[in-house]
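Protein chains in written order, with the numbering used here: chain A, 1 to 273; chain B, 1001 to 1273; chain C, 2001 to 2273; chain D, 3001 to 3273. Glycine is no exception: its CB is placed at the ideal position from the N, C-alpha and C atoms. Predicted model, so just to flag it, every value in this text is computed and none were measured. Everything on this sheet refers to the single structure shown next.
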């Protein structure tokens, strides 16, 4: 009978409309189970990026519901996956992590769910990755992140908060260390003009609260009749802790693609250049 | 001499790093001038989408600096381009528009700049557009929007705000009108499982304050020497009013691509289906 | 020990040069075993092309060694797969087929191998398939056919023989049947300007004699030392009979791709066209 | 009035069928005029291939009508463009060139046209270029050559003639010079398993007699009425001399693409390989 009810905010209705068929359980082809293969592929990309360039990619949970980890409590330069994995919520702040865990358990108790944000830093990315105009590095990262099930937003560097800044505050002035230019701040999030500038690449991905909840929902079935939808069972009240490795994997795949394009350019150089 | 100073938060430094060359004025290939061609192409896509499907795309300025247009002050169902173009700021609220204009003039006075947000609604998009898994409709929109110069973020439907909602609030329950299913709310922003669900597609794009300002900046030149950078001239203290048609154009191009893919699928159907 | 000898006219040497590795038996990734998947995919494409458009694709062996089936002995309008499969050589002429079979057995006896040609006709292809300039229909067919292992050449319509014709002989003049234009001859092979013209699409694919033979060969190993290469075992003395379904499958895949592109164009038409 | 007659073996009819429109003169978008841009782009690719790898690409006319230049009269190792350009026919054999020129003038006299073959050698291509399975080097060359207007066939190495050879004759046995393996013959045409093997890449392209002739042709117009078609004017009675630089240009573009892919692979190697 469930088969005849499109689950709210799921892909049941849209798959039926697009393909004229749907699966009756689990989400089928729209299930986040497909992200397992992304993580597998990302692991290979990550290993190559680390061995060849020394790139480190670390993501963590920076918000669950209304609980937000302030940016200045994270040390982008040395946060590690071990620190992230130290708590089940994957938030690298013990105190806040406990509050988040409680918030998730409360949601579970209420047969409800809650959203969150995953933040990510990529350290050691060389300058020069990313392609103008349409394949800017941030555009490809946004594409990759919004392809993760349940994601609703992406921003890079100062992001949506940067909107409120003045240009004189936001501009990343240059300094020089050992003859090498670098920026003194990083509101650009490591990307300028669509191309990596050698600074840390920093971005956030917003995830909605999971659509599958045990709470009764009054909706309609495919025949248009009002029904009570009850979907008992073990549902995940918050997915952001499990989204962390997916975000890392997709970042690795984008960076590896960009690396190969730029390596191709560099090795294709005219001999006398 | 300006030629030897990488302008902060511009693409001078990254182009030099990537290609080994740079232009000395205006931004060259990284200049937003290239978006003129996007708007030209988008105009054709928009016309086709309107004539063939009745799709209407309207974008507007929903924030300048700290001034934000509340969502409930915009009527997504009937906002028009005429309403948007009624004020120079392209914010469809006369009072707020005046405040925004003043904020922009203040920034100009200070030889500074200010950021903003462009919101967009696409009405009349049929169900079934967007491709799982990697080319979800929101992923392609995010790709397109983050390819616009100076954009820093994208979210769809509830977006970053949806993070704070419970699943039971966020889920878009179904109702039925004249035998046709539709959702009673639209936190999904018109897309579920990466596929359009027939509701309005709603998204936001964040833009940073323009990097080119007249205010003196202390930075370093390509030789690593500290310099005072002064770039007098007519600079745009806020780009969001001018970004409105670019956002509309990129949305139209993404929708037209998705339309053609879905039309191809529909017309390729096995004869007895 | 065989592992250290690059088999002549095989891919052992080039894979080693390209990837720095090679397999020691069977051909590995370069083995024609991979064509099994092409035939599987082609079967689906063929079924769709037949059901939706009434397209029939039939290929056959038109030459083995010096034995060639004259073009005028094949009735392109009604040759069937049953006729082709009636003999083990897959040549639809009983007498010549016997001679070819003997030639192949002779080659086997001599521990040698022999080449051949596969011809193919596609009946019922609508007008309008194929894309200028670079994706002309014949260009895509050529690409597909030369991707089949051991193929050495492709020609369409009059092909290499057309070189010797005068324009006044070669030109396919138009006639008219029931208000529908068609060509009175078909030297074009069903394609004009890269686009199908509604006539039968006719082409040939040349295959070299298989490289793996039992006959002793004097060659060198990877260390540059002269060696006697003996590769006893069951080797295929002629592959063209087995290439017939592969040619059909690749033709079907190319036509299905072109069909979908053209269907997309047709269904994307401006409403008032 | 000519506008209403589809020229035989031209693209008038197929463009009308595909797009619902046609141009009334010259061939429009299907005109070989578009190859000018291919030659321009090819010139850049050729220069890069020469400077970076020492690659030389030389094409010539090897047949006009029934007149064929025997393979053993061309020295593939040192034929130059100057030798080719020494005669207006671009056949590097003075005597045969004269006969070909006469044959072309005869065709012109008869208001007719004649076909021909262009052969091409690429010297100095490194090992390892070309991608299995579908983008074999010969497959991409075939795609490129069959995209040239009026081409009807392509073969590589022994090509269609190799069909008649035994495997023991056709196989290219290896020898060793200065510790470097090479083949003693080159029936493979410089490509094995879809990958360049370091030998000369040799291929042929067949061209039909030009479709535009002054001779009167009895055909039908778009309304299906029989008409006499007369197209006086200066028509090219043979295009192969002018096809020579186009074949060279397309070969250069394919090789440059493959070079960049392989350079990308080589420079992407895991650090400890």
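In the DSSP assignment, find the unbroken beta strand (DSSP E) run with residue i in it and report its ends.
i                       : result
residue 2201 of chain C : 2201-2207
residue 2184 of chain C : Residue 2184 of chain C -> no beta strand (DSSP E), and no H or E assigned at all.
residue 2152 of chain C : 2151-2156
residue 3173 of chain D : Unbroken run through residue 3173 of chain D: none, as it is neither H nor E.
residue 1247 of chain B : Where residue 1247 of chain B is concerned, there is no enclosing beta strand (DSSP E), although the alpha helix (DSSP H) it sits in stretches over 1240-1267.
residue 1054 of chain B : Element bounds for residue 1054 of chain B: n/a, residue is neither H nor E.
Say whether chain C places a C-beta atom closer than 7 Å to the C-beta of residue i.
i                       : result
residue 1145 of chain B : no
residue 3054 of chain D : no
residue 1260 of chain B : yes
residue 3224 of chain D : yes
residue 3077 of chain D : no
residue 3182 of chain D : no
Quick check: is the beta carbon of residue i nearer than 7 Å to any beta carbon in chain A?
i                       : result
residue 3165 of chain D : no
residue 1102 of chain B : no
residue 1246 of chain B : no
residue 1113 of chain B : yes
residue 3267 of chain D : yes
residue 1173 of chain B : yes
residue 1219 of chain B : yes
residue 1233 of chain B : no
Could you confirm whether any beta carbon from chain B is found closer than 7 Å to the beta carbon of residue i?
i                       : result
residue 2152 of chain C : no
residue 8 of chain A    : yes
residue 2051 of chain C : yes
residue 133 of chain A  : yes
residue 116 of chain A  : yes
Are residue i and residue j close, meaning C-beta to C-beta below 7 Å?
i                       : j                       : result
residue 1084 of chain B : residue 1060 of chain B : yes
residue 1124 of chain B : residue 1054 of chain B : yes
residue 2214 of chain C : residue 2111 of chain C : yes
residue 2173 of chain C : residue 3210 of chain D : no
residue 1222 of chain B : residue 1120 of chain B : no
residue 1134 of chain B : residue 37 of chain A   : no
residue 3229 of chain D : residue 3005 of chain D : yes
residue 1205 of chain B : residue 1168 of chain B : no
residue 3117 of chain D : residue 3237 of chain D : no
residue 2020 of chain C : residue 3176 of chain D : no
residue 130 of chain A  : residue 201 of chain A  : no
residue 2014 of chain C : residue 3192 of chain D : yes
residue 2065 of chain C : residue 3164 of chain D : yes
residue 1032 of chain B : residue 1252 of chain B : no
Measure from the alpha carbon of residue i to the alpha carbon of each residue in the options, then state which is nearest.
i                       : options                           : result
residue 239 of chain A  : A:107, A:163 and A:226            : A:107
residue 3262 of chain D : D:3226, D:3136 and D:3105         : D:3136
residue 139 of chain A  : B:1130, B:1132 and B:1154         : B:1154
residue 1010 of chain B : B:1208, B:1251, B:1270 and B:1271 : B:1208
residue 231 of chain A  : A:216, A:224, A:128 and A:220     : A:216
residue 122 of chain A  : A:157, A:102 and A:18             : A:157
residue 2115 of chain C : D:3219, D:3170, D:3075 and D:3017 : D:3170
State the start and end residues of the unbroken alpha helix (DSSP H) segment that holds residue i.
i                       : result
residue 3229 of chain D : Note, residue 3229 of chain D: premise wrong, no alpha helix (DSSP H); beta strand (DSSP E) at 3226-3229.
residue 123 of chain A  : Counting along the chain, residue 123 of chain A falls outside any alpha helix (DSSP H), though it belongs to the beta strand (DSSP E) covering 116-123.
residue 163 of chain A  : No alpha helix (DSSP H) holds residue 163 of chain A; DSSP gives it neither H nor E.
residue 217 of chain A  : Counting along the chain, residue 217 of chain A falls outside any alpha helix (DSSP H), though it belongs to the beta strand (DSSP E) covering 217-220.
residue 3131 of chain D : Taken as a continuous stretch (DSSP letters only), residue 3131 of chain D belongs to no alpha helix (DSSP H), as it is neither H nor E.
residue 2968 of chain D : The structure shown has nothing for residue 2968 of chain D, since chain D only spans 3001 to 3273.
Could one say the Cβ of residue i lies closer than 7 Å to chain D's Cβ atoms, at least one of them?
i                       : result
residue 263 of chain A  : yes
residue 2122 of chain C : no
residue 126 of chain A  : no
residue 271 of chain A  : yes
>> Closer than 8 Å is the cut-off here; do at least three beta carbon pairs connect the segment 3058-3077 of chain D with the segment 3233-3247 of chain D?
In response: yes
>> Between the segment 137-145 of chain A and the segment 1185-1202 of chain B, can you find at least three pairs of beta-carbon atoms closer than 8 Å?
In response: They do not touch, by the three-pair rule.
> Per the contact definition of three or more C-beta pairs closer than 8 Å, is the segment 69-78 of chain A in contact with the segment 91-106 of chain A?
Replying inline: yes
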